[in-house]
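Trainee:
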Amino acid sequence: MAGTTVVITSTLGFYFTRKTMRRINEEREKGGLEPISIKKIVKEVRLLEAQSLETILTRLSSEMDTVQLSDDQKNVSVDG
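Here my numbering is used: the first residue of the sequence shown is 5, the next is one more, and so on.
1. If we ignore side chains and look at the alpha-carbon of each, how far apart do L64 and A54 end up?
2. Taking 8 Å as the limit between beta carbons, can you name the residues of its chain near I28, skipping five residues before and five after?
3. Can you give the Cα-Cα distance for E58 and R22, rounded to whole angstroms?
4. Rounded to whole angstroms, what is the Cα-Cα separation between V71 and V46?
5. Looking only at DSSP bridge pairs, what is Q72 linked to?
6. Excluding sequence positions up to five away, which residues of its chain have a Cβ less than 6 Å from the Cβ of N79?
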């Protein structure tokens with residue numbers, strides 16, 4: 005029973021993901037952009053997240069003495 009549920013859920017997830025990706029890529033094509041995959045979307049989201057976190061930490065370190073960001077912006081220390 006559990007195995008059947010997993011197979012059905014996976015199949016439905018794959019179908020809806022494929023359908024959604026097709027629609028996304030159709031819209032990207034209208035805008036003159038190249039097609040994208042789920043893997044590329046996840047990569048872009050992770051990159052945006054890292055850049056956003058870096059921006060926030062940089063602002064905090066410039067506004068507060070308790071937050072210190074290393075020169076290479078890879079390490080942060082917070083006092084208190």
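C-beta: ideal position from N, C-alpha, C; glycine also. Here the structure is a predicted model, which is why all the values come from computation and not from measurement.
Mentor: Reading off the structure:
1. Here the question's residue 64 lines up with position 60 in the sequence shown. Here the question's residue 54 lines up with position 50 in the sequence shown. When only Cα atoms are considered, L64 and A54 end up about 15 Å apart.
2. For the purposes of this step, residue 28 is taken as the residue at position 24 of the sequence shown. Here the set comprises I40.
3. Sequence index remark: in the sequence shown, residue 58 carries index 54 (1-based). Sequence index remark: in the sequence shown, residue 22 carries index 18 (1-based). Computed Cα separation, rounded: 33 Å.
4. Here the question's residue 71 lines up with position 67 in the sequence shown. Here the question's residue 46 lines up with position 42 in the sequence shown. A straight-line Cα-Cα distance of about 30 Å links V71 and V46.
5. On the sequence shown, position 68 is the one that residue 72 refers to. According to the DSSP secondary-structure assignment, Q72 is paired through a beta bridge with S81.
6. On the sequence shown, position 75 is the one that residue 79 refers to. Taken in chain order, the list of residues that qualify is empty.
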